[in-house]
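Here's the structure, in C-alpha cells; my notes come after.
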Amino acid sequence: MKAAVKEETDVRSMKEKSDPPLLPQVPILRLPRPPSPSGRGFDLSSPRALAHCPPKDHQKCRSFLRQLFLRSLLAAAGLPVTFTLYQRVTVSATRFNACDMEGHNFQVSDLQTPIGVQKEALIRGPDIISYSFCV
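The following block contains the structure:
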C-alpha cells in the first residue's frame, strides 16, 4: 500500500517538474516626452527640422502628382490595360479592376502573359515600369 502511494507522489512530482517554466517579465519601453504645452517644443527652424520637412512647394507638387495618379486609376477602371514589367515583359489584361491605396498592388481580369491567360491576377506595383490603357 505504501509503495502505491509513493508511486502516486512520484508521478505527481514528475508532472510538476515537466510543467513549462514561467516566462520572464518583459521590460516596458519608455518613449520620450512630447513638447511641453508651454511653448518649449521642437524648433521648426533648426537645420534638422528643415532637413526632415520638405518645403511647401515640394509638398504641393507631390499632392498634385498624387491627384493625377489617382484620377488616372479611376479613369482606367473597367478598361483594357497593358503593363510593362522588368525583364522586358509586357502583359495585358482585358479589364483593370482595382488598386490598393498605396499603388502597390493592381487587380486585373483575364491577364494575358507569355505563359498563358490568368482569369484573375494581382500584379505587384514594384514589378511595374509603366502601364497604359485605351480610352
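Numbering (our numbering), first residue to last: 504 to 638. We put the beta carbon where it would ideally sit given N, CA and C, even for glycine.
List the residues that DSSP assigns as beta-bridge partners of residue i.
i           : result
residue 634 : 586
residue 567 : Per DSSP, none; premise fails for residue 567.
residue 615 : 595 and 620
residue 627 : 608
residue 578 : In DSSP, residue 578 forms no bridge with anything.
residue 601 : 610
Among the options, which one has its Cα closest to the Cα of residue i?
i           : options               : result
residue 619 : 635, 630 and 593      : 593
residue 630 : 601, 588, 606 and 624 : 588
residue 603 : 573, 590 and 586      : 573
residue 607 : 584, 632 and 621      : 632
residue 582 : 525, 524, 552 and 636 : 636
residue 627 : 615, 638 and 586      : 586
residue 634 : 549, 616, 576 and 561 : 576
residue 601 : 565, 616, 615 and 625 : 625
residue 458 : 527, 547 and 591      : The shown model of the chain, from 504 to 638, leaves out residue 458, and the question about it has no answer.
Mark residue i as exposed unless 16 or more other C-beta atoms lie within 10 angstroms of its C-beta, in which case mark it buried.
i           : result
residue 556 : exposed
residue 554 : exposed
residue 567 : exposed
residue 579 : buried
residue 531 : exposed
residue 584 : buried
### Query
Do the segment 591 to 598 and the segment 611 to 622 make contact, defined as three or more Cβ pairs closer than 8 Å?
Because the criterion of three Cβ pairs below 8 Å is met, the segment 591 to 598 and the segment 611 to 622 touch.
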